[in-house]
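Chemist:
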Amino acid sequence: MDNAMERILQEISVVGHRLEAVGFEITDLSADSKSIRADIVGLQDKVMDLDHHLLIVENKVAAFPDNQPEL
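Take the sequence shown: its letter number 37 is residue 37 in the numbering used here, and every next letter is one higher.
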């Protein structure tokens, strides 16, 4: 095999290793993305829970005798 062919094969090998490295980065980012989505869903659940508790408090405040309209 001549030198030119060897260099081409080495370059192909280098590019293959770089592609493999990028593939691993994509896999890592995908895992991070899933984790971030799970965190967002968890935060949305907490917001909904807090909103529910706020509604309960608002109802209690509205039912407090001092907040009743005068007749």
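Just so it is clear, CB atoms sit at the ideal spot from N, CA and C, and this is done for glycine as well.
(1) Please state the DSSP three-state secondary structure of F24.
(2) Mapping the DSSP letters down to three states, classify D2 as helix, strand or coil.
(3) Do you know offhand how far H60's Cα is from V41's?
Modeler: Looking at the atomic coordinates:
(1) F24 carries a helical assignment under DSSP once its states are collapsed to helix, strand and coil.
(2) Under the three-state reduction of DSSP output, D2 falls in the coil class, being neither helix nor strand.
(3) The amino acid occupying residue 60 in the given sequence is Lys; His does not appear at that position. Roughly 29 Å separates the two Cα atoms.
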